[in-house]
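Colleague: Sequence positions in the sequence shown follow this note's numbering and run 95 to 741.
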Amino acid sequence: MLGPPLVPMIHAIEAVDKPVAAAIEGVALGGGLELALACHYRIAHSKAVLGLPEVTLGLLPGAGGSQRLPRLIGLTAALDLITTGRHVSAAEALKLGVLDQVTDSNAVDLAVEFVRSVAGQPLDSRRLSTLPCPCPPDVDSLLDKVMSKVRQRSRGALAPVACVRALRAAASLPYAQGMEKERELMATLFNSGQARALQYAFFSQRVVGKWSLPSGARWDNSTARIISKAAVIGLGTMGRGIVVALALTGISVVAVETQEKQLAEASRVVPAMLQREAGRRRLATPPGVISFSSNLQDVSEVELVIEAVFEVMSLKLQVFKHLSSVCRPGTLLCSNTSGLDIDQLAAVTQSPGLVVGMHFFAPAHVMKLLEVVYGPRSSPEAVATAMQLGKRMGKVGVAVGNCPGFVGNRMLKPYLEQANFLLEEGATPRQVDEALEEFGFPMGVFRMSDLSGLDVGWRIRKEAGLTGPGVESTRTRQGRRYSPLPDQMCEAGRLGQKTGKGWYQYDGPGGRVARSDPWVHIFLETYRAEHGLVARSITLEEILERCLYALINEGFNILQDAVAAGPEDIDAIYVFGYGWPRHRGGPMFHADQVGLGRILQRLNQHSHPDVPHLKPSTLLRRLVAAGSPPVQKWREFINKERVHSQL
95 MLGPPLVPMI HAIEAVDKPV AAAIEGVALG GGLELALACH YRIAHSKAVL GLPEVTLGLL
155 PGAGGSQRLP RLIGLTAALD LITTGRHVSA AEALKLGVLD QVTDSNAVDL AVEFVRSVAG
215 QPLDSRRLST LPCPCPPDVD SLLDKVMSKV RQRSRGALAP VACVRALRAA ASLPYAQGME
275 KERELMATLF NSGQARALQY AFFSQRVVGK WSLPSGARWD NSTARIISKA AVIGLGTMGR
335 GIVVALALTG ISVVAVETQE KQLAEASRVV PAMLQREAGR RRLATPPGVI SFSSNLQDVS
395 EVELVIEAVF EVMSLKLQVF KHLSSVCRPG TLLCSNTSGL DIDQLAAVTQ SPGLVVGMHF
455 FAPAHVMKLL EVVYGPRSSP EAVATAMQLG KRMGKVGVAV GNCPGFVGNR MLKPYLEQAN
515 FLLEEGATPR QVDEALEEFG FPMGVFRMSD LSGLDVGWRI RKEAGLTGPG VESTRTRQGR
575 RYSPLPDQMC EAGRLGQKTG KGWYQYDGPG GRVARSDPWV HIFLETYRAE HGLVARSITL
635 EEILERCLYA LINEGFNILQ DAVAAGPEDI DAIYVFGYGW PRHRGGPMFH ADQVGLGRIL
695 QRLNQHSHPD VPHLKPSTLL RRLVAAGSPP VQKWREFINK ERVHSQL
């Protein structure tokens, strides 16, 4: 039998004429906390966690939470909790007034004792639905400011805005009318594509943890090692973040940097980073000990090494050869490469099965994504250990195959290419960025390039032989269309925020506020004239189609090549590592929402023989021919196709 609907049951509990106390032992999230709010008292264990996280799933508290919580703790505090969906500890909940008591012993026993002690006392003041909502004098101004901030922060997400509207109702309407508004807003959200996207993103995070390898090894039949001592080689920005991320889990870290100046700076900066992050997280256990060294010999006793030197293959090969001779047998050797060949690195070691990629994202101690890259010789134990270590660090680990750029950066390449081609054809950096930011990205492609540094991509293109001394400056390289615009920007010394000038201009080196630069406008006009290009008007729709559909098309190629096991893997990578708006699910979910037939038609429209990334993927064509099954069925479809092709 189904139980009673939650809202009538909650109302019935609140109306009971005997005291009712909620005893919270573990978590009270969403409906659990709404049920507790209907009780007259709330008692929790000190390790309990509370919150109303519905907004993260594209919804709002739909069982009276948006109306009761502000009546209990005040409008300002309720706005913070409900619009962010953040979880709070029992201690914070007690301070806010959500809880009446917190205990280190059994919460149920204390709740029973408590209700006996208050039996016979009036309950009118304990029924939250009957109370007014405590509001500051300038309540309308407060709500307007919060709404403005929420709209800016949510970048098109509906649920945070709906939460503010529900809380405005709590502040201005009687409870019954507020509940009606809550129901109305909930119905709108529940039927929205955004709620489906956010719930898909939530479950994708769980799907990617159940990894599998082409060999048949899986998450549930592979044993991970528990790492207690690790080393990081290279203490640039990324290496420092990795050291902090490891130490926060309690792992002892040997941090190695052979450049004395870099080592001295890291020795000063890293402990401060660790202390700041440990304080923010309120760690239950002390962080691991960090020792700094300039000598690679000092990593001889560690169980796992993460290499984080410059993205130059010759340098990485040199490091891996040295590590293979220095480290004890059985040490896992990992590279933080963002796209170089893991197999090539493994080949210079004595135990290629113990080599995997661990691609972190900057800042490494903050960003959630970790690409764990396996090659054909990577052992299940090595992959399992890297994935488990990522989980300990609070990362969303995604196991991916080895190819240039892996998943994230391989898909990013055609996205960046199209953005550059759009500049050649008449768009401006701001026009492209505004289209992408309106879609929901926190930053457009050119603002992001300025932030990360234009020289990063320049170095990679040099390594690939696409630019540099002796390479002819044409718009075709290695048999395909190529835009030398970013190379010419670097040659002009415009490397982004670090130099105060890039695609935008800034107040000075390290400046953050991007302003359109007349120099770039003249530069683009001169470039077009030199190459006989005539600028044309480019619509927002074309910008989105060419940038996003090129990226999505490469995602289909990645699935076809078995570099990623399913669309959820790609979507998790883009949501957690590349700023794809969570309320749009991820690039592959978005393709499903737009319609695979539409994606195929527009790719055909934009495709050109010199731009292979716009040639529709064979997998995309097959999915359309099969009737465009929903994204949740693609993994099954791909596996059947693979089995069929092997017969």
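The beta carbon of each residue, even a glycine, is placed where N, CA and C say it ideally should be. This one's a predicted model, so the numbers in the text were calculated from it and none came from an experiment.
1. Using CA atoms only, rank isn't needed, just tell me which of Lys141, Gly156 and Thr150 is closest to Leu100.
2. Note down the Cα distance separating Pro682 from Pro724, rounded to an integer number of angstroms.
3. DSSP on Arg715, reduced to helix/strand/coil?
4. List, from N- to C-terminal side, the beta strand (DSSP E) runs of 3 residues or more that fit wholly inside the stretch 290-347.
5. Buried or exposed: Ala281, going by 16 or more other Cβ atoms within 10 Å of its Cβ?
6. Among all the DSSP beta bridges, which residues are the ones paired with Gln599?
7. Is Tyr468 helix, strand or coil when you go by DSSP?
8. Closer than 6 Å by C-beta to Gly562: which residues in its own chain qualify, once you throw out the five before and the five after it? Chain order, please.
9. By the 10 Å Cβ neighbour count, where 16 or more other Cβ atoms means buried, how is Val110 classified, buried or exposed?
10. I'd like the span of the alpha helix (DSSP H) that includes Ser543, first residue to last.
11. Going by C-alpha distance, which of Leu690, Ala513 and Tyr672 is nearest Pro578?
12. Going by the CB atoms, is the gap between Thr443 and Leu463 shorter than 8 Å?
13. Indicate whether Leu151 and Leu163 have their beta-carbon atoms separated by less than 8 Å.
14. Any idea what DSSP makes of Gly447, helix, strand or coil?
15. Ordered along the chain, which non-local residues of its own chain (more than five positions away) have a Cβ less than 6 Å from that of Glu119?
16. In whole angstroms, what is the alpha-carbon distance linking Lys112 and Lys489?
17. In this structure, does DSSP put Arg180 in helix, strand or coil?
18. Straight-line CA distance for Val196 to Pro216?
19. Kindly list the residues whose CB is nearer than 7 Å to the CB of Phe455, restricted to its own chain and excluding five residues on each side of it in sequence; keep chain order.
20. Looking at the secondary structure, which residues open and close the beta strand (DSSP E) in which Arg136 lies?
21. Could you give the distance in angstroms between the alpha-carbon of Ser248 and the alpha-carbon of Pro254?
22. Suppose the cutoff is 6 Å on Cβ atoms and the five residues either side in sequence are ignored; what does the same chain contact list for Leu173 look like?
23. Can you have a look at Ile616 and say buried or exposed, based on whether 16 or more other CB atoms are within 10 angstroms of its CB?
24. Excluding sequence positions up to five away, which residues of its chain have a Cβ less than 7 Å from the Cβ of Leu357?
25. To the nearest angstrom, report how far apart Tyr668 and Val258 are at their CA atoms.
26. Since Phe386 is in the beta strand (DSSP E), which residue starts that stretch and which ends it?
Modeller: So, from the data block:
1. Gly156
2. For the sequence presented, residue 682 should be read as Met rather than Pro. Between Met682 and Pro724, the C-alpha separation is close to 10 Å.
3. helix
4. 323-327
5. exposed
6. Lys595 and Arg609
7. strand
8. Lys556
9. exposed
10. Val539 to Ser546
11. Ala513
12. no
13. no
14. helix
15. His139 and Ala201
16. 46 Å
17. coil
18. 23 Å
19. Met461, Leu463 and Gly671
20. Tyr135 to His139
21. 7 Å
22. Val240 and Leu261
23. exposed
24. Leu329, Glu351, Phe386 and Ser388
25. 28 Å
26. Ile384 to Ser387
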